[in-house]
Ligand code: HEM
Ligand SMILES: Nc1ncnc2c1ncn2[C@@H]1O[C@H](COP(=O)(O)OP(=O)(O)OP(=O)(O)O)[C@@H](O)[C@H]1O
Ligand SMILES: Nc1ncnc2c1ncn2[C@@H]1O[C@H](COP(=O)(O)OP(=O)(O)OP(=O)(O)O)[C@@H](O)[C@H]1O
Ligand SMILES: [Mg+2]
Ligand SMILES: [Mg+2]
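Residue numbers (my numbering), protein chains in the order written: chain A, 83 to 304; chain B, 83 to 304; chain C, 87 to 153; chain D, 784 to 1011; chain E, 784 to 1011; chain F, 28 to 274.
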């Protein structure tokens, strides 16, 4: 069972690599959205510094959002979702494996790219640690919650926009804790409380999201 | 020919209405993204005011981006794009009609919703006129350039993210002129130069975009 | 040579060693890497063409300019 | 010019995905004519039909309508043809009537009666049902009813019998025969027998020189400059 | 318990889109058995096959495997079945071998030889070709080769003959017969004749008292059942 | 025009050019490296950081030049259906993107000691960043299609649209920036370049150009071979299908 699980993750990583860029596209979108902001609000370093953490988080959130669309859709369209559902493995574990692969190809690269964007946005040097730690905890939550949304809207007309509407409100707590952690650190405060909250949300999401998404997927298969 | 053209626009408006909310979804996304910002960067009115016009524009840009995905995709998938291409009408005019319908269901409602978001973001009262005027000129450009991107990526793997990657860099001039207009107005300067530039880009885009998009669409039909 | 021959002085680049050497270093690595990758791709593509040509029956006259 | 056939394909060839699908295909069609395209799966029947409609550019060869190359006045040619492809081209959110009337209005023919057209295919009572709720056969009937919604002398039908039951096949035969009696032309790709009066048959076969390598080599060597 | 058939469906009914598709369907299957599902388009063959696989929940009735209801130990049941549906379930970016090996490894059977499996369907030489470049028939062969990539006693085949030419149909017959000789079971939905040794036939008909959309049914039934 | 449309002829021409371009690249880059690192004097204002210029400026110029070349090749490919032109455009993109990235990186590394920050949203910097995105989008578009003929045409359209847009972007960004941030420390013109810096710089520019040509030849060669492989593969599949049908 655990071998099947690992195989599933490897399968999705292989497909992401073969089907065109995988994580590269998410990173590019991330960098793009962040760069739109200086263009929008002007290049003044003080302004940028003030909105840096918020912008990076919002951009990360939007990047994850956009990549959710194909999480189950491609497998549904070509019939491989049937095959995955017929593996002698609970569907929720299949979902979990796909979610992990999704995080490895989006959330993780985004986290790694974040310091670079910190430079672009004149992020305060003290905030880097908190930003990255919060993203390491927060992006898996985004993937997990996103999996529910993706499963609910798979095979639905205008699924993309609907997905956004369903998922965005659920992302707000992550956004708030993530940004506050960076801002606390920038002002020299401790940010361990924020990390604690994020960890709590993460644990909850790991338990609930695969089960909820598996339920939703069964509807799409029916 | 002009009757066919008007019929085409009406067709897309009818479909947008029937297939689920049409413009309502774009507006909701627009409002959602803008409201993420006070959450991300904190509620301080000075900060918000400084970034108000930029945020509204970036959010408008992202909303348009997201809605582009389905511009030709749905028609390709069910075969109606074949029928549209076989109308005794140049394909570029078909594209233009669909672009106008797209603007009527996204750009225009966004423009109408912008004043509300201005309130939310503490936009300077002097800037409203410029913001709306610039959006009226700028959002059609977004639809036109977006049509090129949508046509290039229609029927392509991972089309959505790719579309974003292609189109966003091309949106930057609109963003810059649009925001500068609002900021000039907020500081009491004239913004007619900005409007002039936007008009110039719009005229260029109206000529070039339908032709380029029609070329690209032929590839998808082939 | 503009430096008095001291290696460490040369490496320090008047205190800007990190910036100068990273620039040249990363630039060199990227350009050499791209070159090597391009040569390797050309070689492997040529090899693949040859292999598949051998598989094709009734292979006719000159092969492509395989290198 | 008067002797030239109304529609003529000369030496047509198709390239898809860098591969030559067929070559040297020619045909002629005149008022009242029916051309049935046959050939094994993947031979290129659909490709040829789309090529005639102008959706796929010919790799070689030319298409003549009323004696002149089609490219000269494509819009006049398009106004005179209806294409019923493999995909229905129906909007599932709209009813059958709405779909048909949209089609007619876009082609500038607003006088036709959608319910009558649906009746010719035996589904007049489904006129106000959204296409989404229809079965595959019913959808195909709606998409064939388009043929009656706008005047056009050339009908291009790709596998028109798919999903149709025998009743519907007979109804299609009646419609096609009436169209041909009125001077219309039909080109249809199908594996099965077409209903109605017989016409001529064109079988599409892989390029005569079945040694595909030869073509490829030629192409690579550029003996045929026009290949590029 | 020993007398109970290996696989048994009891009084199954399916509801799709608020419509009763079929009801009261029952069947039994034992080692070496073949069950052929027939019925007109839209009768519910695909639905029944997916229901047996557990992808669709039965609206009524129950399914028994080795004497116990399937729900009791679904994973053991799933480990013993392979479903080859209407869609290929192949990743077009991967080669045939990669697709097959992925399938085998996911089911914990890494010892099978993908090239040999492809060889049984006559396409061993396409082993390293990305599926994207394959024709429909070749794709279907790859997807059928999955049957040989993992041990499973129950094969569920939905329209397995689609896009296959006569050679491939004969090869499938050989494979199916070998499987049945070794004690395996096959359930196949098809409009055509299955190759190999005969089995039992189950025809799916609409429920007698389905009055939810009488006119639709009348319309679809037409006058001639054999049309389907 | 059509003389080089033929892949075989192109390969022959390329094989003839390759030794020269490789030699020029090696010589100029080697000489430029030695001159720029060892012999050129430090700038009186910028000190030794001025040695970054020998990479930065050629990379900047080449990344713009390569894009221009790509746009021209795309136009040729679109208008004349020239088969090698689209491969040249395709093969150029990664090289141009690499130059663009090197320019951004070295500029950033230069900016830290000179301006005290890794990045500012200066007009020139911003438009360079956008150009990198345009390169990446172009490359991703090629990747997205299975059918290479379609990919070629789609990418060509994008390259041309991007070519129209780049000047607009550059202009708008310049205008935007000067409105908000009056020229301060970020003026690029700097001191007039002294001959002792100019010569190694020219050497490096020529070297970068020759390097581009060399890598381009290898990449186009790979593309041509890959295309031939694809065709042969498909032919193999076809032959197989024909055999099966004959059975
Ligand atoms: C990431 C930051 C930077 C970027 C993206 C960048 C980009 C560029 C570009 C696009 C050019 C144009 C080349 C041409 O027009 O031919 C250029 C030239 C140049 N840059 Fe930078 N640059 C950056 C930072 C710097 C810094 C920090 C300095 C020095 C203080 C600098 C010094 C120069 C010089 C001296 C030239 C040549 C001047 C000329 O001929 O116009 N650059 N750079
Ligand atoms: N978009 C495409 N890209 C590459 N090859 C294609 C594409 N579409 C079709 N082909 C190939 O072109 C050939 C002809 O396809 P076409 O659909 O015209 O065949 P057909 O005769 O209509 O077959 P069928 O009997 O299955 O309808 C096939 O071999 C197919 O593999
Ligand atoms: N997702 C769905 N929602 C609503 N109705 C559906 C859905 N899928 C199928 N149906 C209906 O269920 C019925 C049975 O479909 P099914 O695919 O099982 O038929 P089938 O016997 O396999 O037909 P075919 O011979 O065409 O394969 C059809 O009448 C169809 O209209
Ligand atoms: Mg066909
Ligand atoms: Mg079925």
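By construction, the Cβ of each residue, glycine as well, lies at the ideal position given by its N, Cα and C atoms.
Cutoff 7 Å; reference residue i; Cβ partners in own chain excluding five residues on either side
i                      : result
residue 219 of chain A : 277, 280, 281 and 284
residue 79 of chain F  : 133, 136 and 137
residue 945 of chain D : 923
residue 893 of chain D : 887
Residues of its chain near residue i, where Cβ-Cβ distance is below 6 Å and the 5 sequence neighbours each way are ignored
i                      : result
residue 157 of chain A : 163
residue 295 of chain A : 177, 229, 230 and 233
residue 866 of chain D : 836 and 939
residue 853 of chain D : 846 and 860
residue 139 of chain A : 257, 260 and 261
Coarse secondary structure for residue i, derived from DSSP in three states
i                      : result
residue 791 of chain D : strand
residue 237 of chain A : coil
residue 188 of chain A : coil
residue 805 of chain D : strand
residue 968 of chain E : strand
residue 203 of chain F : helix
residue 259 of chain A : helix
residue 46 of chain F  : helix
residue 222 of chain F : helix
Cross-chain neighbours of residue i in chain F, by beta carbon under 9 Å
i                      : result
residue 833 of chain D : What residue 833 of chain D touches in chain F: nothing, since even the nearest Cβ is about 15 Å away.
residue 110 of chain A : 160, 163, 164 and 167
residue 209 of chain B : In chain order: nothing, as chain F lies at least about 15 Å away.
Residue i: contacting residues in chain B (beta-carbon distance under 9 Å)
i                      : result
residue 866 of chain D : 164, 165 and 168
Rounded straight-line distance, which links the Cα of residue j to that of residue i
i                      : j                      : result
residue 914 of chain D : residue 926 of chain D : 10 Å
residue 298 of chain B : residue 144 of chain F : 42 Å
residue 878 of chain E : residue 154 of chain F : 41 Å
residue 190 of chain F : residue 255 of chain A : 42 Å
residue 842 of chain E : residue 166 of chain A : 23 Å
residue 943 of chain D : residue 210 of chain B : 57 Å
residue 135 of chain A : residue 117 of chain A : 13 Å
residue 105 of chain A : residue 223 of chain A : 18 Å
residue 210 of chain F : residue 201 of chain F : Unreliable positioning characterises residue 210 of chain F in this predicted model, as indicated by a pLDDT of 44, which lies under 50. The coordinate reading is nonetheless provided below. Each residue's Cα considered, the two are about 11 Å apart.
residue 208 of chain F : residue 856 of chain D : Unreliable placement is indicated for residue 208 of chain F, whose pLDDT of 47 sits below 50; the coordinate value is still reported in the next sentence. Each residue's alpha carbon lies about 56 Å from the other.
residue 954 of chain D : residue 799 of chain E : 30 Å
Within chain F, partners of residue i - CB distance below 8 Å
i                      : result
residue 222 of chain A : What residue 222 of chain A touches in chain F: nothing, since even the nearest Cβ is about 26 Å away.
Contacts of residue i in chain E (Cβ-Cβ under 7 Å)
i                      : result
residue 261 of chain F : 916
Neighbourhood of residue i by C-beta distance below 8 Å, restricted to the same chain and skipping five residues each side
i                      : result
residue 244 of chain A : 235 and 238
residue 840 of chain E : 834
residue 809 of chain E : 791, 792, 793, 794, 795 and 844
Chain-ordered neighbours of residue i on chain E, where CB pairs are closer than 8 Å
i                      : result
residue 264 of chain F : 909, 912, 916, 917, 918 and 921
Contact set between residue i and chain F, taken where Cβ atoms lie within less than 7 Å
i                     : result
residue 47 of chain C : This structure gives no information on residue 47 of chain C, because the portion of chain C shown stretches from 87 to 153.
Within chain C, the residues that residue i reaches when beta carbons sit closer than 7 Å
i                      : result
residue 253 of chain F : 131
contact_flag[the stretch 184 to 196 of chain B, the stretch 263 to 272 of chain B] where n(CB pairs < 8 Å) is 3 or more: no
Touching by the beta-carbon criterion (3+ pairs, under 8 Å), the stretch 958 to 974 of chain D and the stretch 808 to 818 of chain D: Under the 8 Å Cβ criterion, the stretch 958 to 974 of chain D counts as touching the stretch 808 to 818 of chain D, having at least three qualifying pairs.
The stretch 197 to 216 of chain A / the stretch 256 to 270 of chain A touching (three or more Cβ pairs under 8 Å): yes
Three or more C-beta pairs below 8 Å linking the stretch 178 to 187 of chain B and the stretch 85 to 96 of chain B: yes
Contact the stretch 137 to 156 of chain B vs the stretch 246 to 261 of chain B: 3+ CB pairs below 8 Å: yes
Cβ contact check for the stretch 973 to 992 of chain D and the stretch 897 to 906 of chain E: 3 or more pairs under 8 Å: With the cut-off at 8 Å, the stretch 973 to 992 of chain D and the stretch 897 to 906 of chain E do not touch.
Touch test, the stretch 240 to 258 of chain F against the stretch 107 to 126 of chain C, Cβ-Cβ under 8 Å, three pairs minimum: yes
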